[in-house]
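One structure is given here, and the rest of the page talks about it.
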C-alpha cells in the first residue's frame, strides 16, 4: 500500500463511516462472472492493436530521437496506458449500477438462494490493525471505513487488514462459500458473528498446507453455515508478506466448484502450451546447439512455474505438505525468467556485437538475479525481501530488451521487430500486474489478475517467431555451407577445363564401381591418348588446343552410357570406364565395340574457330576382374595397352595382354 493509503487508513479510530467522503473510483463491477464482459479474443486484439501502433511509431521516430530515448519513452507510455486498459477490460455496462457510491453504513448485503449476491465491494469496510494483535471482539466497528484503494487491491502492508461485510440471509439452506481469488495470501481468518456472538471461525491461506485447510482448493476458501435467516457480520482478517489483493466472493458451493474447474482448465491449457514450446526449443537446441534455444526453454519453464505457483496449483497438487517452500517459487520463477530472458535477448539478437553497453547491462542483471535467487533458495533472505529485490530489478529486463530490439530493428533485422512487440506485450501485462499488487490505479478483476499470464504467453509466441527466424537463418547458412563444401569438393574432383572428373575424381568413382564387379557384371577401363594433338597445339596455339580437348570430351560423353565414367587423366590423356558389361565373352565384345566407336568419332575433323583440325586417338583397355582387381592396377594395364597401340602405329585399339607384371 502506498504512503497515501496508509495515511488515509491510519485515521480510523473513533470516526464513523458516514463522516468520510466517498472517493471517486472507476465504474468497475465486483469480481464475479458478470464482470468478464469482453471475450479473450477481443482483449488480444486490443493488446495487439496498441502494441503494433507503438511498434510503428518506434520505427518512424526512433531514427530521429535515438534508441535510448525511444526505449524510455515507450516504457513510460506503457506505464500510462495500461491502467486505462485495465479499466476498459473491467467496465460494467449493466444498467442501474452506479459504483461512484458506496452502500450506507447500516446497509447489509442480502444473500438469497434464488439470486446471486449483489456486488460486495460497496458494502465492504476496512480497518488497518497496525499492532496485528487485535481480536474480532476487540474491534471498534466505528473505526471501519469505506476503502479508498482500487477495487479489492490494498497494496503492500506489514500490518493486518480487517474487512467487515454486513450480511442479511433471507433464507434457504444457509450454505455459502467464501473465496478469495488470490492464492498468495498467507493468513486469512474468517469470523462469522450473529448478534455480536461468534458462531464460526475459519483459518485459510497459503501459509497452511492444503491438507490443513477447510477446503483443499488452490485459493483461500471456506464454507459458511448460516443456521437461520437473519443478520450476520462477516469479519475477515488478512495478513501476508505478499500484496493484499483480496477479491472476495460469496457463492453457492456448486457454483464455486464449477468455476474452479474452469480455471483449472485454463491454467492447464497455459501450462500445456508452455510444455509444447519447451519441448520444441529443447529439440532445436539438440539439433542446432544454440544457447538461445536453451534460454527460451528456461524462460518457458519459468512461466509454467510462475503460473503453477502464483495461482495456487503447485501447492494444491505438488507441494501440498510444505506451504513455505511453495511460496518461494513465485518470486524465484520471476528471477529465473530474468536470467533466461537476458540470455535469450543477448544471443538471439547478437547484442554482444551490436550493442556492447546493453550486453553489459544484461550480464549484470543476470548475475544480480542469480544471486538473489540463490539467497532466496538458501533461506538467507525472506519472502518479502525477495519480492522487493525482484520488483526492483524486474523492470530493467524489458527496458534492456526493448533497447536491444529497437537497435536491431533499425539495422534491418526482422527478428528485432518481433522481439520489440513481444516485450511490449509482456510489459503490458507486467505493468498492469505490478500496479495491481501495489494497490495503485488498477482494480482486481479477471483481466488484471491474469494480465501477466496473458502478457507472457503472447510474448512467448512473439519470441517463438524470433526463434523461427533464427532457425531459418541457421538452415540457410547450413545449406550455403553445404553448397560451398560441395562446390569445393567438386572443384577438387573435377577438371576445370572440360568439366569431366579429374584424376582424383576418377580414382574415387572407379573404387566405387569396382565394388559392384561380379562374374556377370564386368567393367572395362579405357586409357586414351590423342594422336597429333601436340602439332595442333603448337600450330594453332594453346587456346585452340584447349577447345580441341573440350570438343573431344563432348564426343566421349556422346559415346558413353549414362552410368559410365569419363575423366581427363592429364594433358591429352583421357579415361573412360564402362560398367555392367556382362559375362567374359560379352564384356570383351562390348568393350571392343565401344573402343572402336571412340576411335571412329575421334577421327572426324574438329571445328576450331572456323578451322578444321584432325586428330586421332589410341585406345588401350583392360577388363575387371580378368585383367586386374584394383583401380591402380587397371589404369596401369590399360596405359600399357595404349602404349602398345602407339608402337603399333597409333589410331587403334589394344587390350592388355599380360605382358607387364601385375601389381601385387
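In this note's numbering, the protein residues as written are -6 to 657. C-beta: ideal position from N, C-alpha, C; glycine also. All values derive from a computational prediction rather than experimental measurement.
What are the start and end residues of the beta strand (DSSP E) that includes residue i?
i, result
"residue 159", "153 to 162"
"residue 567", "566 to 572"
"residue 616", "609 to 617"
Look at the Cβ atom of residue i, then the Cβ atom of residue j, and state whether they are nearer than 9 Å.
i, j, result
"residue 177", "residue 235", "yes"
"residue 229", "residue 183", "yes"
"residue 231", "residue 304", "no"
"residue 287", "residue 298", "no"
"residue 546", "residue 499", "no"
"residue 237", "residue 132", "no"
"residue 515", "residue 627", "no"
"residue 121", "residue 150", "yes"
"residue 409", "residue 458", "no"
"residue 540", "residue 285", "no"
"residue 570", "residue 490", "no"
"residue 400", "residue 346", "no"
"residue 193", "residue 213", "no"
"residue 225", "residue 264", "no"
"residue 158", "residue 251", "no"
Around the Cβ of residue i, are there at least 16 other Cβ atoms within 10 angstroms (buried) or fewer (exposed)?
i, result
"residue 629", "buried"
"residue 168", "exposed"
"residue 484", "exposed"
"residue 106", "exposed"
"residue 417", "buried"
"residue 538", "buried"
"residue 269", "exposed"
"residue 497", "exposed"
"residue 423", "buried"
"residue 473", "exposed"
"residue 593", "exposed"
"residue 353", "exposed"
"residue 396", "buried"
"residue 247", "exposed"
"residue 195", "buried"
"residue 15", "Residue confidence for residue 15 is low, a pLDDT of 34 falling below 50, so the modelled location carries little weight; the figure read from the coordinates is stated next. With fewer than 16 Cβ atoms within 10 Å of its Cβ, residue 15 is classed as exposed."
Could you check the C-alpha separation between residue i and residue j for me, to the nearest Å?
i, j, result
"residue 385", "residue 426", "15 Å"
"residue 113", "residue 102", "7 Å"
"residue 639", "residue 509", "32 Å"
"residue 696", "residue 389", "Here the chain covers residues -6 to 657 and nothing more, so residue 696 does not appear."
"residue 329", "residue 366", "8 Å"
"residue 486", "residue 525", "28 Å"
"residue 579", "residue 604", "40 Å"
"residue 648", "residue 471", "48 Å"
"residue 488", "residue 504", "19 Å"
"residue 262", "residue 191", "42 Å"
"residue 174", "residue 331", "26 Å"
"residue 139", "residue 117", "7 Å"
"residue 243", "residue 282", "53 Å"
"residue 480", "residue 495", "14 Å"
Which residue's Cα is closest to the Cα of residue i: the options?
i, options, result
"residue 549", "522, 574, 538", "522"
"residue 434", "140, 108, 129, 146", "146"
"residue 309", "206, 511, 372, 158", "206"
"residue 646", "591, 353, 619, 294", "591"
"residue 431", "156, 619, 452, 144", "144"
"residue 166", "219, 280, 252, 335", "219"
"residue 296", "400, 452, 250", "452"
"residue 658", "625, 635, 335", "A query on residue 658 cannot be resolved here, the shown segment of the chain reaching from -6 to 657 and no further."
"residue 535", "556, 565, 224", "565"
"residue 123", "223, 160, 233, 586", "233"
"residue 468", "494, 492, 277", "277"
"residue 172", "164, 208, 376", "208"
"residue 449", "582, 421, 324, 461", "421"
For the alpha helix (DSSP H) that residue i lies in, which residues bound it at each end?
i, result
"residue 645", "Note, residue 645: premise wrong, no alpha helix (DSSP H); not H, not E."
"residue 226", "Careful: residue 226 lies outside any alpha helix (DSSP H), inside the beta strand (DSSP E) at 223 to 232."
"residue 278", "246 to 281"
"residue 118", "Where residue 118 is concerned, there is no enclosing alpha helix (DSSP H), although the beta strand (DSSP E) it sits in stretches over 118 to 122."
"residue 470", "444 to 486"
"residue 396", "389 to 403"
"residue 298", "284 to 303"
"residue 184", "From DSSP, residue 184 is part of no alpha helix (DSSP H) but of the beta strand (DSSP E) over 180 to 187."
"residue 114", "No alpha helix (DSSP H) holds residue 114; DSSP gives it neither H nor E."
"residue 529", "526 to 533"
"residue 555", "Where residue 555 is concerned, there is no enclosing alpha helix (DSSP H), given that its DSSP letter is neither H nor E."
"residue 217", "Careful: residue 217 lies outside any alpha helix (DSSP H), inside the beta strand (DSSP E) at 214 to 218."
Checking contacts by CB at 9 Å: is residue i closer than that to chain C?
i, result
"residue 159", "You won't find chain C in this structure, because it holds only one protein chain."
The ligand FMN and residue i: does the residue's C-beta get closer than 8 Å to at least one heavy atom of that ligand?
i, result
"residue 373", "Ligands are entirely absent from the displayed structure, and the ligand FMN is therefore not among its contents."
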